[in-house]
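First to last, the protein sequences are chains U and R. Sequential numbering from 117 applies to the first sequence in my numbering. Sequential numbering from 14 applies to the second sequence in my numbering. Every residue, glycine too, gets a C-beta built ideally from N, C-alpha and C. Keep in mind it's a predicted model, so treat the numbers as computed, not measured.
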Amino acid sequence: TQLLEQSPQFLSIQEGENLTVYCNSSSVFSSLQWYRQEPGEGPVLLVTVVTGGEVKKLKRLTFQFGDARKDSSLHITAAQPGDTGLYLCAGRGYSSASKIIFGSGTRLSIRP
Amino acid sequence: SQTIHQWPATLVQPVGSPLSLECTVEGTSNPNLYWYRQAAGRGLQLLFYSVGIGQISSEVPQNLSASRPQDRQFILSSKKLLLSDSGFYLCAWSVYPNEQFFGPGTRLTVL
């Protein structure tokens, strides 16, 4: 069974600080996605990474897919209160029948 | 552009009552459709997915069922709700296998 573990589960930091959220598995994924979800709303797709070692940037957010395609990280530079939310990673295996599985999430709170 | 709708947004139901949640997608054809349940502030549990009309795959044994009567309509149902059915229900669609797009969700409270 493929599992995705996210760490930390909760993170509260001051505005302007940097942070990194991790998504790890013992399984290999063909692709990995990051979503952000605000309370009472559905998750919103931020990025998809598909190549081992790939790095993608979205303004102050940097996403990296591990070389072995088993892990990913999300780094936020100079965090702002608008970054507050639940961050979810999701991965898809290699078979045609593979479904996307989700990590348990990291709840991020940025204090002004 | 594609949009996804879910209703109702909020629902409070007594134990033992029936349930019907509806999801519709606009702006795309033959999408894959998904129902997820989310516990408070946690990850998503896949309940059902569908690759076409009348084609439903169940991921978790439970008292819920799903149907897809039309290409862009996905319905989640129950004949008798349990307390444990409370949660945030999310519908999602995808065309490309790597990405899913979510609706606004339905908050279900079973009392």
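Taking a contact as a CB-CB distance under 8 Å, the pair Arg223(U) and Leu204(U) does not count as one, their CB atoms being some 10 Å apart. Here the alpha carbons of Ile129(U) and Ala206(U) stand approximately 24 Å from one another. Approximately 18 Å separates the beta-carbon atoms of Tyr138(U) and Gln153(U); this is outside 8 Å, ruling out the contact. DSSP places Asn45(R) in the uninterrupted beta strand (DSSP E) bounded by Asn45 to Gln51.
The segment 44 to 62 of chain R makes no contact with the segment 166 to 179 of chain U: fewer than 3 CB pairs, one atom from each, lie closer than 8 Å. For a Cβ distance threshold of 7 Å, residue set Leu59 and Tyr62 of chain R lies close to Lys215(U), ordered along the chain. Among the bridge pairs identified by DSSP, Asn76(R) is matched with none. Per DSSP, Asn134(U) is not a residue of any beta strand (DSSP E), being assigned neither H nor E. Residue burial is scored here from C-beta neighbours: Trp20(R) has fewer than 16 other C-beta atoms within 10 angstroms and is therefore classed as exposed. Judged by their CB atoms, Arg176(U) and Thr164(U) are not nearer to each other than the 8 Å cut-off.
With respect to chain R, the C-beta atom of Pro159(U) has a partner C-beta closer than 8 Å. Per the C-alpha coordinates, the member of Asn134(U), Lys186(U), Tyr210(U) and Phe181(U) positioned closest to Ser141(U) is Lys186(U). Residue pairing by DSSP puts Tyr62(R) in a beta bridge opposite Tyr47(R) and Ser70(R). Only those residues of the segment 102 to 118 of chain R whose C-beta falls short of 7 Å from the nearest C-beta of chain U are listed: Leu103, Pro110, Asn111, Glu112, Gln113, Phe114, Phe115, Gly116, Pro117 and Gly118. If you draw a straight line from the Cα of Pro31(R) to the Cα of Ser90(R), it is about 7 Å long. In chain order, Ser220 and Gly221 make up the part of chain U whose C-beta sits under 8 Å from the C-beta of Arg55(R). Close to Arg208(U), with beta-carbon spacing below 7 Å, are these residues of chain R in chain order: Pro110 and Asn111. The DSSP-derived three-state label of Gly198(U) is helix.
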